[in-house]
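Enquirer:
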Amino acid sequence: MSDMTDHVDLFVIGAGSGGVRAARMSAQYGASVAIAEEFRIGGTCVIRGCIPKKFMVYAAGYGEGFEEAKGYGWLADNIRFDWATLIAAKDQEIDRLSGIYRRNLGNAGVSMYEERAEITGPNTVKLIPSGRIFTCGKILIATGGTPRKLGFDGEEHTITSNEVFHLDSIPKHIVINGGGFIACEFASIFAGLGVKTCLIYRRDTVLRGFDYDIRTHVHNELIRQGVRVVTHANIKAVKKAGDDLQVVLDTGVNIDCDQVMMATGRVPATDGLGLETAGVNTSRSGAVMVDEFGQTNISSIFAVGDVTDRIALTPVAIREGAAFADSEFGDRRHSFDHRDVASAVFTHPPVGSVGLSEHDAREEFGDIDIYKASFRPLRHTLSGSAEKYMMKLVVRASDQVVVGVHLVSDAAPEIIQVAAIAVKAGLTKAEWDETCAVHPTAAEELVLMREKYVPDPLEDGEAV
Ligand code: NDP
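The numbering of the sequence shown is our numbering, which starts it at 7 and goes up by one.
This is how it looks when you write it as structure tokens:
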């Protein structure tokens, strides 16, 4: 145990997206700031989340791209994929990005400690293993989340998104458990890379929480991509024999494979953080409970990002971190507005979504108008692919404001960024329609849909 004691205005625990932004900005406002990180500077998004995942999405996209190119006259024979090349290139870029985060923190004057931090009181933090102790004016918890464990027999033979970026070789047959962001994205990635892929989901349609048309569209596209989607099933056990695995489902079905990836959600990373010692209130899921300004029930302790279990997205954590720095060390007290945050799911084709789903809008406003289109994009008339796109607008009937936009299309994540501006600005359907189309694009559909969608009375309702 060391007798080293330092004082800082702000101690940040966790050098991911939210923590780094808050630390840098607070230091730039003149605060003395220290940050601790027990894994790697950059956090989940940079090290084992959004960025390496997106490289894999690009890699997988080429697989189908080579096939489709034949329809356009390309002779793409003898195409091979080399996993080791992808992993090495990805690792090199992640190292570079982590280095940039490190340099930016250093340039802002933030002291970095690459060890674990534990809160020992409302204004004290201890580093482990060095034993260095800090007294601090404020503490910011930005420790993110960690994959949920389910506790079945043989779970130790499975991987999560923590390990998937470092596999020595590409699986031959992977079973993925879950139906959320990570499960759907990796099912698409592995299928695109030519891996035999099976998705196990406990309900009937993936991407619960999204608009039902997005859910059914993505579900069907996964199947079209060749993913075997097994619904209403849970993993009971995973048995290992040499390099082979057997997944035992509670439906009585067994599936042989060589890799099992659990993507059954993430839980706030608060274990051993000292929250009880400091008296910080947590929710049943272990999330740090905060008010709109990120402040906990202990006035000197704040939290931002996934650890608060609000919206677990990088840009949200960054905005929460920035609002914290502005409010506590700058000259502008404000909070981040969590409404109408756009999101993307990088399946193939990907999803873009902002605002309310049809179901939620109906619950909130009663009377709503729906405009939607499902179509084969121009590109695929020659490529031969059966892939389809879906575009949908949810409009509040009373004032014709567009309150939700839901897309599944090649460029959906790019389009939705711009559509989110219109939704956030509260533009009406007539104002969307006044905007002249860009032709020929898929996105032009968004300003050309004139016919209200009338549901078929025999149509199934919202799935669970
Ligand atoms: P999600 O919450 O998106 O999905 C979790 C999935 O696991 C759901 O399908 C859920 O089923 C299922 N599940 C939960 N508990 C169990 C259980 N006990 N047994 C079986 N299945 C279970 O989590 P992810 O891990 O996919 O992603 C975590 C978060 O990270 C996301 O919510 C998102 O905010 C963020 N993220 C964002 C990405 C992006 O922006 N593109 C990409 C990846 C992650 P059910 O539907 O029944 O609840």
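By construction, the Cβ of each residue, glycine as well, lies at the ideal position given by its N, Cα and C atoms.
For S380, which of helix, strand or coil comes out of DSSP?
Expert: Correct three-state label for S380: strand.
Enquirer: Have a look at the DSSP bridge pairing and note the partners of R272.
Expert: Per DSSP, P153.
Enquirer: Between G285 and E124, is the Cβ-Cβ spacing less than 7 Å?
Expert: No, they are not a contact pair.
Enquirer: Is any non-hydrogen atom of the ligand NDP found closer than 6 Å to the C-beta of V357, if you look at the structure I gave you?
Expert: No, the ligand NDP has no heavy atom inside 6 Å of this Cβ.
Enquirer: Compare the C-alpha of P321 against each of Y119, P419 and V347 and name the closest.
Expert: Measuring from the Cα of P321, the nearest candidate turns out to be V347.
Enquirer: Note the first and the last residue of the continuous beta strand (DSSP E) segment covering Y119.
Expert: First-last of the beta strand (DSSP E) with Y119: S117 to Y119.
Enquirer: Who are the Cβ neighbours of L1 in its own chain at under 6 Å, not counting the five residues just before and after it?
Expert: Outside the shown range of the chain (7 to 470) lies residue 1, about which nothing can therefore be said.
Enquirer: Please report the distance separating the alpha-carbon of E161 from that of M62.
Expert: E161 and M62: Cα-Cα distance of roughly 25 Å.
Enquirer: Please name the residue, chosen from C442, E450, P153 and S38, that lies closest to I422 on a Cα-to-Cα basis.
Expert: Of the listed residues, the one whose Cα sits closest to I422 is E450.
Enquirer: Which ranges would you report for the alpha helix (DSSP H) in the region 77 to 114 if only whole runs of at least 4 residues count?
Expert: 89 to 114, all fully within the region 77 to 114.
Enquirer: Is any heavy atom in the ligand NDP found nearer than 6 Å to the beta carbon of I347?
Expert: A small fix is needed here, since residue 347 is Val in this sequence, not Ile. Checking every heavy atom of the ligand NDP against the Cβ of V347, none is found closer than 6 Å.
Enquirer: Tell me whether E298 sits in a helix, a strand or coil according to DSSP, three-state version.
Expert: Three-state DSSP puts E298 in coil, outside helix and strand.
Enquirer: Would V233 and L251 qualify as a contact pair, given that the criterion is a beta-carbon distance under 7 Å?
Expert: Cβ atoms of V233 and L251: not closer than 7 Å.
Enquirer: Can you tell me whether K178 is buried or exposed, with buried defined as 16 or more other CB within 10 angstroms of its CB?
Expert: Exposed is the call here.
Enquirer: Where does K59 land, buried or exposed, given buried means 16+ other C-beta within 10 angstroms?
Expert: The residue is buried, with at least 16 neighbouring Cβ atoms inside 10 Å.
Enquirer: Would you check if the distance between the CB atom of I195 and the CB atom of A189 is smaller than 7 Å?
Expert: No, the Cβ-Cβ distance between I195 and A189 is not below 7 Å.
Enquirer: If the criterion is Cβ atoms closer than 7 Å, does the pair H6 and V212 meet it?
Expert: No statement about residue 6 is possible, as the shown extent of the chain runs from 7 to 470 and does not include it.
Enquirer: Closer than 6 Å: is that where the CB of I188 sits relative to any heavy atom of the ligand NDP?
Expert: Yes; taking the cut-off as 6 Å, the Cβ of I188 has a heavy atom of the ligand NDP nearer than that.
Enquirer: Are the beta-carbon atoms belonging to V424 and V357 less than 7 Å from one another?
Expert: No, the pair does not count as a contact, with Cβ atoms beyond the cut-off.
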